[in-house]
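To start, the structure itself, in structure tokens.
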Amino acid sequence: ATPTAVMVATGVGANNGVLIKGGDALEKAQKVKYVIFDKTGTLTQGKATVTTAKVFSDMDRGEFLTLVASAESSSEHPLAKAILGYARHFHFFDVPSAIKDAQIQGLESKSSAWLLDVSDFSALPGEGVQCFIGGNKILVGNRKLMTENRVAIPNHVENFVVELEESAKTGVLVACNNDVIGVMGIADPLKREAAVVIEGLKKMGVTPVMVTGDNWRTAKAVAKEVGITDVRAEVMPSGKADVIRSFQKDGSVVAMIGDGINDSPALAAADVGMAIGAGTDIAIEAADYVLMRSNLEDVITAIDLSRKTFSRIR
Ligand code: ADP
Ligand code: MG
610 ATPTAVMVAT
620 GVGANNGVLI
630 KGGDALEKAQ
640 KVKYVIFDKT
650 GTLTQGKATV
660 TTAKVFSDMD
670 RGEFLTLVAS
680 AESSSEHPLA
690 KAILGYARHF
700 HFFDVPSAIK
710 DAQIQGLESK
720 SSAWLLDVSD
730 FSALPGEGVQ
740 CFIGGNKILV
750 GNRKLMTENR
760 VAIPNHVENF
770 VVELEESAKT
780 GVLVACNNDV
790 IGVMGIADPL
800 KREAAVVIEG
810 LKKMGVTPVM
820 VTGDNWRTAK
830 AVAKEVGITD
840 VRAEVMPSGK
850 ADVIRSFQKD
860 GSVVAMIGDG
870 INDSPALAAA
880 DVGMAIGAGT
890 DIAIEAADYV
900 LMRSNLEDVI
910 TAIDLSRKTF
920 SRIR
């Protein structure tokens, strides 16, 4: 391709909301053999919503939600935000109307006064959060977090979590002083175009793959809905780049598409890194392409544009 052709293609990309960072990036996309998709915020809308809150102790429901929300209040994770939103809503709108009116009059719904004091907070990437509330050790996260803290998961709780996961939801376990006291079920709907884009890539001879820190059962359920058969789940934030390298071993050209901070090493390791425009700045910086519309159809637009610009037989 001539420099003019590259310039024109870059302009066509920009007009379609596909920012291409240089001619090298434009050229590589035509040879892509695997497209590795992050799950949360890339294939899914990244709008996690609590669908279930189940208390497995004699704790009052409101008390339970306040405790979980307080533990998550310092976390930036989408799951944490979903839990806070749900608890806030419960706290201010699902209580008897007399109390509700009093609270709304006090405009407390705008403040965080209902949250409990938290000490010794720590966020454990890929696992959850840990903290102390009123002298009690609180854990909120996945099985790994529970296992590492020697919290036993009773059978009836495990069964409940499995049920959530089989319907593509994430089960978040809550423990107080090493006893599981409840589970939150969280759903994150697929982007509307996801399945069509996966089908389109397959038709182009490109193999789609999904990589996620989420658990295997949820990952497989989501992958099945969207039409992806190759799944890598329970991948620690540091491990996504290793997944990319494993696909590059035989010389294949690999594209990674992601939105999160934990995707940036993988975006950098990939031959073609594509960041979701609505994603974090760190991901956008690490990528070769930015999909400004945050629409997965633009993965196809990008590959198409490269193929049309560089293939000799056309
Ligand atoms: P992803 O690859 O989907 O972005 P992460 O690596 O951010 O996933 O997280 C992986 C898993 O770790 C989550 O599915 C969840 O089970 C657990 N986790 C991480 N952070 C939190 C949190 N703040 N609260 C509850 N669970 C969490
Ligand atoms: Mg993500």
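Everything in the sequence shown is counted per UniProt numbering, starting at 610 for the first residue and increasing by one. Even for Gly, the Cβ is constructed at its ideal location relative to N, Cα and C.
Is DSSP giving F646 helix, strand or coil here?
Strand.
Got a sec: does the ligand ADP put a non-hydrogen atom nearer than 7 Å to the Cβ of P612?
The beta carbon of P612 sits no closer than 7 Å to any heavy atom of the ligand ADP.
For the ligand MG, which residues have a Cβ under 5 Å from at least one heavy atom, in chain order?
Result (chain order): D647, T649, G650, D868 and G869.
Fully enclosed by the segment 820 to 879, which beta strand (DSSP E) runs are 3 residues long or longer?
Counting only runs of 3 or more, we get 839 to 841 and 862 to 867.
Reduced DSSP secondary structure (H/G/I, E/B, other) of Q654:
Annotated three-state conformation of Q654 is coil, per DSSP.
Simplified DSSP assignment, three categories, for F919:
Note: F919 maps to helix in three-state DSSP.
Neighbour-count burial assignment, N904, 16 or more Cβ in a 10 Å radius
Counting every other CB atom within 10 Å of its CB across the protein chains shown gives N904 a total of 16 or more, marking it as buried.
CB-CB length for K640 against V862, believed under 8 Å
Going by Cβ atoms, the distance from K640 to V862 rounds to 4 Å, so yes, they are a contact pair.
Member of C740, I885 and G631 whose CA lies at the smallest distance from the CA of Q654:
Check the Cα spacing between Q654 and each of C740, I885 and G631: the tightest is with I885.
Please name the residue in G744, T918 and M668 whose C-alpha comes closest to that of F730.
Of G744, T918 and M668, the residue nearest in Cα terms is G744.
Please determine whether the Cβ atom of V781 lies at a distance below 7 Å from any heavy atom of the ligand ADP.
Because some heavy atom of the ligand ADP lies under 7 Å away, the Cβ of V781 counts as near it: yes.
How would you label P874, buried or exposed, when you count the other beta carbons within 10 angstroms and need 16 or more for buried?
When all chains shown are included, P874 counts as buried.
Between L693 and the rest of its own chain, which residues show a CB-CB distance below 8 Å, the 5 nearest in sequence each way excluded?
Here the set comprises A678, E681 and S682.
Per DSSP, N733 is paired with what?
This sequence places Leu at residue 733; Asn is not what is there. In DSSP, L733 forms a bridge with G737.
Please report the residue range of the beta strand (DSSP E) in which M901 lies.
First-last for M901: undefined, no H or E at that position.
If I'm right that T619 touches L635 with Cβ under 8 Å, what's the distance once you round it to whole angstroms?
T619 to L635, Cβ: 7 Å. Contact.
Would the segment 642 to 653 count as touching the segment 748 to 762 if we require 3 or more Cβ pairs under 8 Å?
Counting C-beta pairs closer than 8 Å gives fewer than three between the segment 642 to 653 and the segment 748 to 762, which falls short of the contact rule.
From the DSSP output, in three-state form, read off L724 for me.
L724: coil per DSSP, three-state reduction.
Segment limits, beta strand (DSSP E) that includes A895
It is not in any beta strand (DSSP E) - A895 instead sits in the alpha helix (DSSP H) that spans D890 to A895.
Taking 7 Å as the cut-off, does the CB of N751 come closer than this to any heavy atom belonging to the ligand ADP?
Checking the Cβ of N751 against the ligand ADP gives yes.
Can you give me the Cβ contacts of P798 inside the same chain, cut-off strictly under 6 Å, excluding the 5 residues immediately before and after it?
Correct list, in chain order: Q654.
Is A662 helix, strand or coil by DSSP?
The three-state reading of DSSP puts A662 in strand, counting E and B together.
Distance, Cα to Cα, V844 vs G822?
Here the alpha carbons of G822 and V844 stand approximately 5 Å from one another.
CB contact flag (A691, T661, <8 Å)
Remark: C-beta atoms of A691 and T661 do not approach each other more closely than 8 Å.
By the 10 Å Cβ neighbour count, where 16 or more other Cβ atoms means buried, how is N871 classified, buried or exposed?
Under a 10 Å Cβ-count criterion, N871 is classified as buried, with 16 or more other Cβ atoms of the shown protein chains found around its own Cβ.
Indicate the three-state DSSP secondary structure (helix, strand or coil) for G626 in the structure shown.
Coil.
Among residues of its own chain, excluding the 5 on either side of D907, which ones have a beta-carbon nearer than 6 Å to its beta-carbon?
If you ignore the 5 residues before and after D907, its C-beta comes within less than 6 Å of the C-beta of V627 and L900, all in its own chain and listed in chain order.
Check whether the Cβ of D823 lies closer than 7 Å to any heavy atom of the ligand ADP, and answer yes or no.
For D823, the shortest separation between its Cβ and any heavy atom of the ligand ADP lies below 7 Å.
Can you name, in chain order, every residue of its own chain whose Cβ lies under 7 Å from the Cβ of V621, other than the five neighbours on each side?
Here the set comprises L914.
Applying the 10 Å Cβ sphere with the 16-neighbour rule, what's the burial state of F702?
Label assigned to F702: exposed.
Among G869, D868 and A864, which one has its Cα closest to the Cα of D880?
D880 has its Cα closest to that of A864, out of G869, D868 and A864.
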